[in-house]
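Order-wise, the sequence lines are chains A, B, S and Z.
Going by numbering that gives the first Met the number 0, the first residue of the first sequence is number 0, and it counts up by one from there.
Going by numbering that gives the first Met the number 0, the first residue of the second sequence is number 0, and it counts up by one from there.
Going by numbering that gives the first Met the number 0, the first residue of the third sequence is number 0, and it counts up by one from there.
Going by numbering that gives the first Met the number 0, the first residue of the fourth sequence is number 0, and it counts up by one from there.
Using N, Cα and C, we set each Cβ at its ideal position, and we do this for glycine too.
Reviewing the structure listed below.
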Amino acid sequence: MVSRIATYIVLTFVSLPLLAAVCLSVTDSWFFPSFIGSITLEHYKVLWSGHELAHSTLVSLAIASTMSIASTFIGAVISVALHYGRHTTPRLLALGYFPYAIAPVVLGSMLQYYFLRLGLFGSLSGVLIAQSFITIPFAVLLFSTFWSDNVIRLSAQARTLGASTSIVIKDIIFPMSKRWIYLCLVQCFLISWLEYGLTRVIGAGEVRTLTVSIMSLASQASISEAAVACCLMLLPPSLIFMIQYRMVSSQAHL
Amino acid sequence: MRRAIKYLFICLCLAPLLFGVIYSLGYSLGLAGLLSDGFTWDYWIGLINSGNLMRSTIYTIGLGACSLIIAVMAALVVSWKSGRYGVDHRSSISKSKAEVLILLPLLFAPVTAAFCWYQILSPGGFIARASFHLGLIHETSEFPRLVNDDLGIGIVICHVFLILPVFSYLFTATAHKHRLHRLYLQSNTLGASSWYFFKKVYTPMLLQKNMRVLWLYLIFLLGTYEVPLLLGGSRSQTFSVFIADKLTRFNLGDIPSGYCMAIWYTVLITVMTALYLRWQKSILW
Amino acid sequence: MASPYIRLLAILLLLPVVSLSCGSEVAQSPSENVPADWSTIATQAQGSTVHMMMWQGDRLINKYMQDYVTPRLSELYGIELIVTDGQGNQVVNRLMAELEANRKTSDLDIVWINGETFYQLRQIDALYGPFVQKLPHADLIDLNNPFISMDFQQAIDGYECPWGNVQMIMIYDSLQTSDLPQDMTEWSRWVQDNPGRFTWSNDFTGMTLLKSWLMSLADDPSVFYGEFSEDLYTTYSKQLWARIENMRPYLWNEGRSFPASLAQLHQLYVNGEVDMTMSNNDSEVDNKISQGVFPTTSRAYVPAMGTIQNSHYLGIPRLSDNKVGALQVINFLLSPEAQYEKSQSAVWGDGTVLDRDRLSPDWQAKWTGLAQRSHAPPREEISKRALQEPAPEYMIRLFEDFRKRIIEQ
Amino acid sequence: MITIKDISKNYGNTVILRRVQLSIPVGSCRSLLGESGSGKSTLLKILAGLEKPDSGSFIYQGEELINKPAEKRSVVYLSQDPLLFPHMTVYDNLAYGLRVRKMPSSTLEEKVITLAQQIGLKEHLKKHPHQLSGGQRQRVNFGRSVIITPRMLLLDEPFASLDATTRGKMQELYLDISRKYQITSLFVTHDVREALIMGDTYGILRNGSLSCYDTRALFIQQPDSGVAEEINFWKSIQ
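Below, the structure is given as structure tokens:
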């Protein structure tokens, strides 16, 4: 009985914010003490009429997709260079933790000067470069878990059978690392999608991703619009999560 | 080619940090910046004397540690429940649904979570409204302050929300990997109660196995920005809020002290990360 | 193996130092050769792109820019206006960083500024000017009005162009509150009678209230006009802090914290946590009601002690490389057409800076027929209780001391 | 003739291989007896081109191979656990070396099927490695190496992980096939009996130094070959 109650408390705790976001996104005139104001879909409708939030969503999607693909590709290239045919020193990989550990907003503030000098401040390319400081080391770290002893020996085996490096990468490394590539694509997408600090500082308000919009809407007390933005933010991760869940459970049935 | 890529990786990891620290150091010592008049320690001395350095450090670490401890305790209970120790395996609440639900916070960006919790916890928020309708309070001022308070209760709640699923999953997986179920049965046959096992075996074992991950999360928590920005009080500021605030305040003379704090924070994080890596090394290398 | 790493590390360490030392040369501003006559300016501005940074914290203001100004500019002059978000302090931060980075040109062509932002941008010499007299529509500006020609006691000197004029108001719910405090003494009493029902935001607006209080403590508020006086500040701020200290236990959350922004204060008001909110824009109450944010019973008033009336302005960064475009845009924003549109309370409700007597009869007639706002007293009435903005140092000092003496205690 | 001269390898101060010399007539097999840690795996990796020696040469029919990359040597390394490509079928695994060499698919198919028949895996061509038994996997591994008729085959205790019966069968199969395909090989094992069964000539690797014995008699006489102990054991239980 106690355990059931505890479980329900935890489950309520984790689902409250979702409920709040959904409720607020369909409410108008949310004055105390009414629990839910008048229900309306008005805040969603404006999305179709070229509202700023629709723009933000597209910007966020574009940045996150670019980051996801580019970081995975660059991370994979670096990973191959570091690991292919040899065992890399973990010391080198350890460097990858540093940009990841520091708060993005602080990193952005400290780098603002250089971005300005290079003319990248307040531009999309600046934001992409800034985010890659986090996503590329992350991708390299993630791919480093792929290079098991078995993979290294299998590629050596293929080489002695006559396969050149490029063929080994195409025939052995690539097919075997598909799961890592998928994971890396997803994770880099999410890192970029959820990122606020660097984008705010380096984007200088000119690159308005969804997170930046939520923050500014929240500080303007435009509650309903911020809630709509929150719901939009939740969509892609939910989709990814559902696909992953499907995949895992369908594998379990095999 | 390979060597070039290797150096590229090193640059990518170190250059942003080094460049940032050098510029900040220049600024904080009066060597860079439009209003600088040459070398001075004044900004550092000022920051230390104002007590802001100590205050921010204690406040940030305190908040991080509190969030971590509460999240860990909750996650231990959750993983214990989902492991069904001492409970019939065909137990009531559908296992998969509950376990999927607990992962829900993973979908949230910190800024989303902070916004939602603000709307839930503020004196005009959902809980306050519910309390009003239940007759627990009669006006908003009777509702306890949970957001923008000096203790950072709202921040801690939001942090716990964000990291709870990670730890729950981690603990469940570790328990599974180390077959704690078997140990549990073993300990049962030796006459230990479930509680005793939870206290003396389960908790210490999981904590010990995951100490490094906890440390890493503490590092991350010291750098959160969006959550304290939206939910924090006006009296104490975490590192990142303090830095961002000083750098964009109207008083241009405040900028160097923001950079001082940025350096102090970076050094702290670098040392903590280095410790983490050394720790990892002693186990793995 | 170790030596190449060390070499690399040395390069990494040296590069930023080198780039820092390069930054110490004097920044050259781009061609100052803005043509003297307006027709050349207008021709050159045709078809260019203008970047404007402004506070985008209000839905109606954004709408005005997006749905009215931008299309009109492209229609009339083929100018593409790109508006980006940034408050006053961010504008200063941005332009300062550009100067520090020794940039040849700025990313911004127009900035929306006032008060201490203007003061600081002048301090770091980030503004282009004087330019106001170049604008054809400058003739229409009511420069005799000290509330327009002086920005925080600092003459604008043509370095920023007036855009709109507003006065601070207090907002309350007419259903809840009837006895409205008129000066600081009444306020102290009112707060004691209504414990926990009042606070102000720790930002520009909140400080403007403190400033109004500070000035009302003197018998004649006009002693605060003119340059900053340390003695004056010390004398009256001491009284101010003492009074606030007495008030503190009766403030919202017992004065232990203050909302960080006006938006948060608005939300406290909407949630019924406090009885009053405030705004630097006297049309805010009508705006917010029409957006469904404030309850329809909300009203605005100006206390008898007076509140600060001020103007907000448009400036051109010294490093802007499209000054002609910026001039054309600013000239348009000053036009009777754009000013009229902006002053309708359903659009923005921003007070005009134009002198109505100088307008053409058509425009005068149109302006007279302008629908009055319904929830705030008319502008003519409240401007009788208007105080001028004191020098920017007062604001900066109030900010600092408020943090030190009240928040951190 | 394959001639290996003066191959040395050090890791820091640790000597792994000390001036290793050896020769194998084409088409024959030299067994190499070596305990783990004797440097045998390093030697094989150097010959396969997966590691660089500090010095030495590796000459095949007068051609120096030591500086060639692994994929150009046609020297195949066969390890203890069959390293089959997990994402490919048995057929694709067997065909791999031929595909890399861009052999036309008709000849390729014929070759693969013939070989599959010879190693008894014709029925399993469509399976994936995880569906096979340990012995079957090792047969695929072996077939995959033989099919490209390499210049030399390097076997690193290939049967060590198999049970005794399978092991015997595999030894027979190997002898059979290697004769058919005229394979030159270096067979490393720590089992004396296997060394005797598989090899035409012999050698013992001790702490990085190699001694070669070109006849069975010379090999048996060596006190540390372990042959004497083996004989004594069988005698003692009679």
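Taking the alpha-carbon positions, what's the B:Leu163 to B:Trp214 distance? Here residue 163 of chain B is taken as the residue at index 164 of the second sequence, counted from 1. Here residue 214 of chain B is taken as the residue at index 215 of the second sequence, counted from 1. Looking at the two C-alpha atoms, the distance is approximately 15 Å.
Within-7 Å CB hit, A:Pro259 to chain B: This structure cannot settle anything about residue 259 of chain A, because the visible part of chain A is limited to 0 through 253.
Proximal chain S residues relative to B:Thr247, where beta-carbon distance stays under 7 Å: Here residue 247 of chain B corresponds to residue number 248 of the second sequence, with the count starting at 1. Going along chain S in sequence order, the residues near B:Thr247 (Cβ under 7 Å) are Asn88, Gln89, Asn92.
Selection of the region 141-162 of chain A by Cβ proximity to chain Z, strictly under 8 Å: Asn149, Arg152, Leu153, Ala155, Gln156, Ala157, Arg158, Thr159, Leu160, Gly161, Ala162
Would you say A:Cys229 faces chain B, with C-beta separation under 7 Å as the test? Here residue 229 of chain A refers to the residue found at position 230 when the first sequence is read from its first residue. By this cut-off, A:Cys229 is an interface position.
Determine the direct distance from the alpha carbon of S:Ser359 to that of S:Asp172, and round the result to whole angstroms. If you number the third sequence from 1, residue 172 of chain S lands on position 173. If you number the third sequence from 1, residue 359 of chain S lands on position 360. Roughly 40 Å between the two C-alpha positions.
Please compile the residues from chain A whose C-beta is within a distance smaller than 8 Å of the C-beta of Z:Leu42. Along the fourth sequence, read from residue 1 onward, the residue named residue 42 of chain Z stands at position 43. Under the 8 Å cutoff, chain A gives no residues; its nearest Cβ is about 14 Å from Z:Leu42.
What did DSSP end up calling B:Ile92 once you bin it into helix, strand or coil? Along the second sequence, one-based indexing puts residue 92 of chain B at 93. The predicted model places B:Ile92 with a pLDDT of 46, which falls under 50 and marks its position as unreliable, so this point remains unresolved.
With 7 Å as the threshold, decide whether the Cβ of A:Glu205 is near any Cβ in chain S. Locating residue 205 of chain A in the first sequence gives position 206, counting from the first residue. Yes, A:Glu205 lies at the interface with chain S (some Cβ there is under 7 Å from its Cβ).
I want to see whether chain A comes within less than 7 Å of Z:Arg100, judged by CB atoms only; does it? Counting from one through the fourth sequence, the residue named residue 100 of chain Z turns up at place 101. So yes, Z:Arg100 belongs to the interface.
With H, G and I counted as helix, E and B as strand and the rest as coil, what does DSSP make of Z:Ile241? In the structure as shown, chain Z begins at 0 and stops at 237. Residue 241 of chain Z is therefore absent and cannot be evaluated.
On the CB-based measure, 16 or more other CB atoms within 10 Å of its CB, does S:His265 come out buried or exposed? Counting from one through the third sequence, the residue named residue 265 of chain S turns up at place 266. By the neighbour-count rule (16 or more Cβ atoms within 10 Å), S:His265 is buried.
In DSSP terms, what Z:Thr28 is bridged to: For the purposes of this step, residue 28 of chain Z is taken as the residue at position 29 of the fourth sequence. It should be noted that the sequence gives Cys, not Thr, for residue 28 of chain Z. Answer by DSSP bridge pairing, in chain order: Z:Ser184.
Give me whichever residues DSSP pairs with Z:Arg205 in a beta bridge. Along the fourth sequence, read from residue 1 onward, the residue named residue 205 of chain Z stands at position 206. DSSP output for Z:Arg205 lists Z:Ser208 as bridge partner(s).
Given this structure, state the Cα-to-Cα distance separating B:Val43 from A:Tyr43, to the nearest angstrom. Taking the first residue of the second sequence as position 1, residue 43 of chain B is located at position 44. Taking the first residue of the first sequence as position 1, residue 43 of chain A is located at position 44. Correcting the residue identity first, residue 43 of chain B is Trp in this sequence and not Val. Spanning the two alpha carbons is a distance of roughly 50 Å.
Where Z:Ala115 meets chain A, residues with beta-carbon distance less than 7 Å: Looking up residue 115 of chain Z in the fourth sequence gives position 116. Ordered by position in chain A, no residue passes the 7 Å Cβ test against Z:Ala115, which lies about 17 Å from the chain.
Mind checking which residues open and close the alpha helix (DSSP H) that includes S:Trp111? For this step, residue 111 of chain S is matched to residue 112 along the third sequence. Unbroken run through S:Trp111 is the beta strand (DSSP E), 109-112; no alpha helix (DSSP H).
Kindly list the residues whose CB is nearer than 8 Å to the CB of S:Met298, restricted to its own chain and excluding five residues on each side of it in sequence; keep chain order. Taking the first residue of the third sequence as position 1, residue 298 of chain S is located at position 299. According to the sequence displayed, residue 298 of chain S carries Arg and not Met. These residues qualify, in order along the chain: Ile170, Tyr171, Asp172, Ser173, Val284, His374, Ala375.
Does the beta-carbon of B:Met0 have 16 or more other beta-carbons within 10 angstroms, so that it is buried, or is it exposed? The residue given as residue 0 of chain B occupies position 1 in the second sequence. Exposed.
Looking at the C-beta of B:Leu33, does it have a partner C-beta in chain S at a distance below 7 Å? By one-based count along the second sequence, residue 33 of chain B stands at place 34. So, interface residue.
Relative to chain S, which residues along the region 133-147 of chain B have a C-beta separation below 8 Å, given in chain order? Listed in sequence order: Glu138, Thr139, Ser140, Arg144, Asn147.
Is DSSP giving A:Leu253 helix, strand or coil here? As a working note, residue 253 of chain A is residue 254 in the first sequence. Model confidence at A:Leu253 stands at a pLDDT of 42, short of 50, so the residue's coordinates are unreliable; what they give is reported in the following sentence. If DSSP states are grouped into helix, strand and coil, A:Leu253 belongs with coil.
Spatially closest choice to A:Pro236 from B:Lys199, B:Phe107, B:Ile154, B:Phe170, by CA coordinates: Walking along the first sequence from the start, residue 236 of chain A turns up at place 237. For A:Pro236, the nearest C-alpha among the options comes from B:Phe107.
Does the region 172-191 of chain A come into contact with the region 26-35 of chain A, if we say contact requires no fewer than three beta-carbon pairs (one atom in each stretch) closer than 8 Å? no
According to the neighbour-count rule (16 or more other Cβ atoms, all chains shown, within 10 Å of its Cβ), is Z:Tyr10 buried or exposed? For the purposes of this step, residue 10 of chain Z is taken as residue 11 along the fourth sequence, with counting starting at 1. By the neighbour-count rule (16 or more Cβ atoms within 10 Å), Z:Tyr10 is not buried but exposed.
What in chain A is Cβ-close to S:Val269, meaning under 7 Å? Taking the first residue of the third sequence as 1, we reach residue 269 of chain S at position 270. Those within 7 Å of S:Val269 in chain A are Phe30.
Which of helix, strand or coil does DSSP assign to S:His311? Position 312 of the third sequence, counted from the start, is the residue given in the question as residue 311 of chain S. If DSSP states are grouped into helix, strand and coil, S:His311 belongs with the strands.
Let me confirm a value: S:Asp281 is counted as buried when at least 16 other C-beta atoms fall within 10 Å, else exposed. Which label applies? As a first step, residue 281 of chain S is located in the third sequence; it is residue number 282 there, counting from the start. Classification of S:Asp281: buried, given that the 10 Å Cβ count is 16 or more.
Identify the contact partners of B:Asn48 in chain S, using a Cβ-Cβ distance below 9 Å as the criterion. Position 49 of the second sequence, counting from 1, holds the residue named residue 48 of chain B. Chain S residues near B:Asn48: none, gap ~13 Å exceeds 9 Å.
Verify the CB distance criterion: does A:Gly95 have a CB-CB separation below 7 Å to chain B? Position 96 of the first sequence, counted from the first residue, corresponds to residue 95 of chain A. Yes, its Cβ sits closer than 7 Å to a Cβ of chain B.
Report the residue from B:Trp194, B:Leu105, B:Gly25 whose alpha carbon sits nearest the alpha carbon of B:Tyr84. By one-based count along the second sequence, residue 84 of chain B stands at place 85. The shortest Cα separation from B:Tyr84 among B:Trp194, B:Leu105, B:Gly25 belongs to B:Trp194.
So which of S:Ala41, S:Tyr249, S:Met275 has the shortest CA-CA distance to S:Phe293? Taking the third sequence and counting its residues from 1, the one referred to as residue 293 of chain S is at position 294. The shortest Cα separation from S:Phe293 among S:Ala41, S:Tyr249, S:Met275 belongs to S:Met275.
With a cut-off of 7 Å, does the C-beta of Z:Tyr201 fall near any C-beta of chain A? What you label residue 201 of chain Z is simply residue 202 of the fourth sequence in a count that begins at 1. For Z:Tyr201, the closest Cβ of chain A is not nearer than 7 Å.
Do S:Ala303 and S:Gln181 count as a contact pair if the criterion is CB distance below 7 Å? By one-based count along the third sequence, residue 181 of chain S stands at place 182. By one-based count along the third sequence, residue 303 of chain S stands at place 304. Yes, the Cβ-Cβ distance between S:Gln181 and S:Ala303 is below 7 Å.
Given that S:Phe99 touches chain B, what residues does it touch there, using C-beta distances under 8 Å? For this step, residue 99 of chain S is matched to residue 100 along the third sequence. The sequence given here has Glu at residue 99 of chain S, not Phe. Neighbours of S:Glu99 on chain B, chain order: Ala31, Gly32, Leu33.
From this set, S:Asn92, S:Ala385, S:Ala100, which residue's C-alpha is nearest S:Asn279's C-alpha? Along the third sequence, one-based indexing puts residue 279 of chain S at 280. Checking every option, the nearest Cα to that of S:Asn279 belongs to S:Ala385.
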